[in-house]
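Q:
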Amino acid sequence: SKELQKAEMERQMVALKKSLEKNRNESLAQEKVLTNYRKSLDHLQKQRSFLQKRVFDTLLEDFLFSQALKGQNLASSNDVILQVAFENLHQSTLSKMSQLSQEEKELNVQALKVKSSIQKISSVIDEQKT
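Letter 17 of the sequence shown, counting from 1, is numbered 35 in this note's numbering, and no numbers are missing.
(1) Could you tell me the alpha carbon to alpha carbon distance between residue 36 and residue 146, rounded to whole angstroms?
(2) Cutting at 6 Å between CB atoms, please list the residues of its own chain near residue 105, excluding the five before and the five after it.
(3) So, using beta-carbon positions, are residue 107 and residue 83 closer together than 9 Å?
(4) According to DSSP, is residue 84 helix, strand or coil?
(5) Alpha carbon to alpha carbon, what distance is there between residue 67 and residue 73?
(6) When you compare only the Cα positions, how much space is there between residue 70 and residue 129?
(7) Can you list, in chain order, the stretches of the beta strand (DSSP E) that have 3 or more residues and sit fully within the region 98 to 140?
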């Protein structure tokens, strides 16, 4: 009877060790996924900063060009040509800004998804540690 109990306890210990090893491996895999999500989030935040800088640069360029146009007294034909060029540039700028705004919205959505995934994985890892 004692040998049976001893054998049963050893079997339970082996099963427990296997379970612990499995949990440890799952936890390591989830930590790798979490690290990858964090890298993705960092990349998205860098892209967002880059887009914001591009929007600012485009606005500044547009403003400086409009100020340059206002400051010049040109012959009427040149003035008309410059005005058309300015309008084209202005429309192009508005189009770029709209595109950049859309890209930023998409990046924000991706960032929120990554943050949500990070939180879920962190909570699962925390649960497994306890």
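Ideal Cβ placement from N, Cα and C applies to all residues, glycine included. Just so we're clear, the structure is a prediction, and the values are computed from it rather than from any experiment.
A: With the given structure in hand:
(1) 15 Å
(2) none
(3) yes
(4) helix
(5) 10 Å
(6) 15 Å
(7) none
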